[in-house]
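In my numbering, the protein residues as written are 458 to 725.
Yeah, the Cβ is synthetic: ideal placement off N, Cα and C, and Gly gets one too.
These notes are about the structure you will find just below.
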């Protein structure tokens with residue numbers, strides 16, 4: 458297995474794509490820290506119904522450790538990395554997956570509080586995790602991997618998603634800057650930019666008739682992403698198979714980020 462005996466740290470790891478990523482890394486041989494605000498959410502997510510992420514990891518024969526974490530708290534994040542090393546012996550992979558969104562209006566309708574809500578998790582959280590991991594790798598003179606889950610909204614402007622897009626764009630540029638500065642140290646930093654992902658939280662919206670019409674109009678491959686699409690990309694970008702890739706912002710989006718639909722009058 459590609460990640461045998463490595464230790465990964467996944468934020469937002471108890472639900473949706475975070476749970477899928479954590480379990481996928483465990484299936485490749487990694488022990489996994491699941492960092493989240495709540496320990497028992499997400500038991501119906503992914504393909505492990507009735508199990509928390511840690512329980513699913515342990516079912517794969519790997520060690521799982523839950524740590525309660527507010528990713529926007531720098532001191533708490535640093536302490537969580539110290540706990541990881543104390544409990545599991547090392548840290549090799551940091552996956553900054555936790556994210557929030559407050560959107561649905563034009564820019565002038567948002568407040569500074571809306572901006573701060575998105576920023577605390579999407580940008581500061583990614584910064585805290587990236588820096589905590591890089592400092593650990595540097596202090597121990599070892600290579601390591603950082604993977605930030607960004608969004609197509611971080612690389613393409615999205616109508617009515619201004620504050621969210623801005624904070625995700627900052628996370629994307631963090632990937633590029635960190636990759637450039639720490640490549641000589643053997644530290645790789647990459648990002649995944651998902652489109653709309655089918656999770657337990659998105660089921661209600663995904664079932665709306667207007668949303669079903671929207672998806673094929675804006676995603677050339679005609680469907681939402683599945684959590685396994687994101688997890689498979691995460692495994693690749695943290696594995697030896699991608700050892701010469703750094704600074705990559707990988708769209709996992711069915712072509713959405715390169716696609717602009719033609720006006721109706723031009724469709725034949």
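Where residue 585 sits in the DSSP three-state scheme: It is helical.
First and last residue of the uninterrupted alpha helix (DSSP H) at residue 490: In the DSSP assignment, residue 490 falls outside any alpha helix (DSSP H) and lies within the beta strand (DSSP E) extending over 488-493.
Exposure label - residue 458; buried when at least 16 CB within 10 Å: Exposed.
DSSP-derived helix/strand/coil call for residue 631: Residue 631 sits in a helix when the DSSP states are folded into three classes.
Identity of the residue in 608, 600, 668 and 533 nearest residue 644 by Cα: Closest option to residue 644, Cα to Cα, is 600.
Distance CB(residue 636)-CB(residue 703) smaller than 8 Å: For residue 636 and residue 703, yes; Cβs fall inside 8 Å.
Pairwise C-alpha distance: residue 623 and residue 612: CA-CA distance, residue 612 to residue 623, rounds to 9 Å.
Close Cβ partners of residue 669 (< 6 Å) along its chain, the five nearest in sequence each way excluded: Within the same chain, residue 669 has no close Cβ partners at all.
Buried versus exposed call for residue 620 [16 or more other C-beta atoms within 10 Å across all chains shown]: When all chains shown are included, residue 620 counts as buried.
Cβ shell of residue 582 (< 6 Å), same chain only, five flanking positions each side left out: 528, 529 and 555.
Proximity winner among 465, 625 and 626, relative to residue 483 (alpha-carbon distances): The shortest CA-to-CA distance from residue 483 to any of 465, 625 and 626 is the one to 465.
Test item: CB-CB of residue 650 and residue 609 under 8 Å: Residue 650 places its beta carbon less than 8 Å from that of residue 609.
Contact belief for residue 496 with residue 516 at Cβ below 8 Å, rounded distance in angstroms: That pair is no contact at about 17 Å.
CA-to-CA distance, residue 672 to residue 723, given in whole angstroms: Caution applies to residue 723, whose pLDDT of 46 falls short of 50 and renders its modelled position unreliable; the model cannot decide the point.
Segment contact flag, the stretch 465-480 with the stretch 684-695, C-beta cutoff 8 Å, min 3 pairs: A contact is defined here as three or more CB-CB pairs under 8 Å, and the stretch 465-480 meets this definition with respect to the stretch 684-695.
Residue range of the unbroken beta strand (DSSP E) whose run includes residue 617: Unbroken run through residue 617: none, as it is neither H nor E.
Rounded distance between the beta-carbons of residue 632 and residue 605, thought under 8 Å: So it is a contact: roughly 5 Å between Cβ atoms.
DSSP-derived helix/strand/coil call for residue 605: In the three-state DSSP reduction, residue 605 falls in the strand class (E or B).
Under the three-state DSSP convention, the category residue 535 falls into: For residue 535, the secondary structure class from DSSP, reduced to helix, strand or coil, is helix.
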